[in-house]
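**Student:** Here it is: the structure, laid out below.
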Ligand SMILES: C[S@@+](CC[C@H](N)C(=O)[O-])C[C@H]1O[C@@H](n2cnc3c(N)ncnc32)[C@H](O)[C@@H]1O
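Residue numbers (our numbering): 100 to 417.
Listed below in structure tokens is the structure:
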């Protein structure tokens with residue numbers, strides 16, 4: 100398949116569009132990074148709010164998202180095929196040293212979920228791929244074909260918070276040893292449905308396993324840790340960090356990161372030394388309102404956290 104193919108009618112409804120751009124924008128002449136371009140909802144609105152001197156640098160690890168960005172011909176806009184964990188080297192390549200804001204709208208886009216060929220969804224049958232960046236890395240099917248039972252169970256338990264992780268891993272390995280490794284989303288859903296003994300209301304039994312494999316295949320939590328650190332290093336004082344997460348594992352990382360940098364850091368080995376100044380101030384935690392949830396049920400688990408890079412002098416004085 101052409102890595103940049105994708106039907107034009109698979110649209111993405113941007114979550115917290117107005118709230119995220121309002122939270123991000125502090126200077127209409129500023130330089131902003133949209134680390135998760137998707138189909139560009141946030142990028143477009145941001146461009147609309149910036150002056151002719153402003154700039155948006157967008158990143159996405161998915162070649163289809165990067166191809167979709169070609170529709171934006173605004174000279175203030177740049178798209179890069181990159182992971183946001185690689186923010187520092189992407190900015191260095193562009194000669195940018197400081198940012199007014201970084202936005203991360205985590206997870207997958209609707210075009211990724213709705214395209215059976217991407218293998219993200221148990222609702223459609225397709226190859227069990229799940230890579231956001233289809234140009235590199237191991238697919239979910241390849242992982243399940245090589246990993247041992249303990250590794251599979253750990254991934255499903257840790258990233259899916261699935262109580263039946265061991266049973267699912269056993270069933271997957273038994274099938275593989277019987278000569279039929281799992282290759283498709285439908286095969287995986289079927290095996291999981293048989294191994295999961297109790298049903299959560301309103302949830303497909305495969306939900307947790309699919310989430311776990313997706314997080315693992317794309318190293319999503321490591322990406323997030325690295326992306327947050329990289330953003331903090333390049334935000335100018337007063338610059339904003341805006342992160343929208345879609346499950347508790349992500350939100351916990353964002354919340355802990357902000358809290359860790361929102362207090363002066365004492366070095367226990369050097370109790371009389373000046374503490375390292377706080378670097379972030381938590382500003383807001385926002386969830387979609389009723390109207391948005393009615394229009395876009397996929398927004399239901401979204402949590403947006405906003406933090407501001409502190410003025411260095413102000414932070415040192417407090
Ligand atoms: C929820 S969508 C973003 C939607 C976008 N805000 C919009 O309005 O269209 C998430 C996007 O981020 C991308 N993505 C996820 N993790 C990434 C990472 N670590 N680096 C770069 N892109 C990533 C995905 O490929 C996907 O296109």
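Positions of the beta carbon are idealized from the N, C-alpha and C atoms, including for glycine.
With DSSP as the reference, label residue 413 as helix, strand or coil.
**Tutor:** Summary for residue 413: the model assigns pLDDT 43, below 50, so the residue's position carries little reliability; its value from the coordinates is reported in the next sentence. Helix, per DSSP.
**Student:** What is the DSSP secondary structure of residue 288, counted as helix, strand or coil?
**Tutor:** helix
**Student:** Can you grab the Cα-Cα spacing for the pair residue 155 / residue 326, in whole Å?
**Tutor:** Put simply, the backbone Cα of residue 155 is about 17 angstroms away from that of residue 326.
**Student:** Does the structure place the region 120-139 close enough to the region 219-230 that three or more beta carbon pairs sit under 8 angstroms?
**Tutor:** no
**Student:** For ligand 1, any of its heavy atoms closer than 7 angstroms to the Cβ of residue 211?
**Tutor:** yes
**Student:** What do you reckon, is the C-beta of residue 136 under 7 angstroms from a heavy atom of ligand 1?
**Tutor:** yes
**Student:** Looking only at its own chain, which residues have a Cβ that is under 6 angstroms from the Cβ of residue 413, when we skip the five neighbours before and after it?
**Tutor:** For residue 413, the predicted structure reports a pLDDT of 43, less than 50, and the residue's modelled location is therefore unreliable. A value from the coordinates is still provided. Cβ-Cβ distances below 6 angstroms link residue 413 to nothing in the same chain once the five nearest sequence neighbours on each side are left out.
**Student:** When you compare each of 354, 396, 403 and 338 to residue 126 by their alpha carbons, which one comes out closest?
**Tutor:** 338
**Student:** For the alpha helix (DSSP H) containing residue 140, list its first residue and its last residue.
**Tutor:** 140-148
**Student:** Can you determine whether any heavy atom of ligand 1 sits closer than 7 angstroms to the C-beta of residue 237, and answer yes or no?
**Tutor:** Not so, every heavy atom of ligand 1 lies at least 7 angstroms from the Cβ.
**Student:** So is the beta-carbon of residue 283 under 7 angstroms away from any non-hydrogen atom of ligand 1?
**Tutor:** no
**Student:** Candidates 307, 183, 238 and 193: which alpha carbon is nearest residue 176's?
**Tutor:** Minimum Cα distance to residue 176 is reached at 193.
**Student:** Going by DSSP, which residues form a beta bridge with residue 407?
**Tutor:** According to DSSP, residue 407 bridges with 339 and 380.
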